[in-house]
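K.L.:
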Amino acid sequence: MRIAFLNSWTLDVAKGSGTAAAITGLAGGLEANGHTVEIIGPDERASSLLLQRLLYNLELKDRISPDDFDLIVGFDIDGFDLSMAVPFIVYLHGISADEMRFERGAPRQYLRALSHLERANAHRADRVIVTSEYSRGVACEAYGLPAEKVGVVGNGIHPAHWERVAAPSSRWRVNTPGRTPGASWGPCRGCSPPRPMRSCASWAAVRN
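Straight run, no breaks: the sequence shown in the numbering used here ends on number 220.
Laid out in structure tokens, this is it:
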């Protein structure tokens with residue numbers, strides 16, 4: 013399956029935090045399952061992130077031909093101004109309408125603007141993906157989305173990597189005041205192994 017990721021957010025993990033990691037990780041997971049993913053990223057020339065994201069979307073129609081793909085995934089606001097005849101999924105990694113409740117001043121106004129675009133994008137999408145049941149409830153309430161339109165796909169991890177990290181050889185020994193000298197520290201060995209994240213490609217059958 014040919015999948016386009018529309019992403020106006022930076023892909024630099026150091027700048028983009030969890031959002032950047034989720035986007036690149038999801039792309040890698042899909043490619044590992046035999047799909048082709050093209051990330052259409054931003055031209056980071058704008059003076060602010062909001063301007064960058066708006067310019068990205070306004071110029072998107074000149075950068076992409078939706079018919080070249082089987083599925084298009086827009087992150088948050090991305091794709092709101094793009095006409096397309098193929099299935100369109102909106103991935104809300106965070107809900108701006110929820111995040112703005114904890115901000116004041118300019119950051120609050122920024123998130124308020126994003127929330128209006130997120131709402132419009134979510135309504136025009138065939139499906140909406142969020143990362144938790146909490147986010148699902150917030151998205152449905154804040155954006156007026158029908159519950160059956162919103163699905164939960166948790167953030168995935170790389171099992172092989174964490175199995176190496178959890179191996180006894182990866183543990184380290186430290187001397188900490190108040191603790192047993194030479195105590196062994198490492199990832200939790202008693203935790204249940206996480207299930208791999210299901211591919212969002214399974215959401216491709218969303219034609220009306």
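Beta carbons: idealized from backbone N, C-alpha and C, even for Gly.
CA-CA distance, residue 158 and residue 24?
P.N.:
Rounded to whole angstroms, residue 158 to residue 24 spans 34 Å at the Cα level.
K.L.:
Would you call the segment 117-131 and the segment 160-167 touching, i.e. three or more CB-CB distances under 8 Å?
P.N.:
At 8 Å Cβ cutoff, the stretches do not touch.
K.L.:
Using CA coordinates, which residue listed in 32, 20, 105 is at the minimum distance from residue 147?
P.N.:
The residue with the shortest Cα to Cα distance from residue 147 is 105.
K.L.:
Does the Cβ of residue 48 have 16 or more other Cβ atoms within 10 Å, making it buried, or fewer, making it exposed?
P.N.:
It counts as exposed.
K.L.:
Mind checking residue 21: buried by the 16 CB within 10 Å criterion, or exposed?
P.N.:
It is buried - the Cβ of residue 21 has at least 16 other Cβ atoms within 10 Å.
K.L.:
What does the Cβ neighbour count give for residue 45, buried or exposed, with the cut at 16 atoms within 10 Å?
P.N.:
Exposed, because fewer than 16 other Cβ atoms sit within 10 Å of the Cβ of residue 45.
K.L.:
Would you mind sorting residue 60 into buried or exposed? The rule is 16 or more other CB atoms within 10 Å of its CB.
P.N.:
Residue 60 is exposed by the Cβ-count criterion.
K.L.:
If you follow the beta strand (DSSP E) that residue 14 is in, where does it begin and where does it stop?
P.N.:
Residues 14-18.
K.L.:
Going by other Cβ atoms of all chains shown within 10 Å of its Cβ, with 16 needed for buried, is residue 88 buried or exposed?
P.N.:
Classification for residue 88: buried.
K.L.:
Quick test of your reading: residue 76 and residue 16, contact by CB under 8 Å. State the CB separation rounded to the nearest angstrom.
P.N.:
At roughly 6 Å, the Cβ-Cβ gap stays under 8 Å, so residue 76 and residue 16 are in contact.
K.L.:
Residue 132: which of 149, 35, 114, 109 sits nearest, CA to CA?
P.N.:
Ranking 149, 35, 114, 109 by Cα distance to residue 132 puts 109 first.
K.L.:
Starting from residue 49, trace the alpha helix (DSSP H) both ways and give me its first and last residue.
P.N.:
Here residue 49 belongs to no alpha helix (DSSP H); instead the beta strand (DSSP E) covers 48-52.
K.L.:
Do you know how far the Cα of residue 96 is from the Cα of residue 14?
P.N.:
Roughly 15 Å between the two C-alpha positions.
K.L.:
Are there 16 or more other CB atoms within 10 angstroms of the CB of residue 63, so buried, or fewer, so exposed?
P.N.:
That one is exposed.
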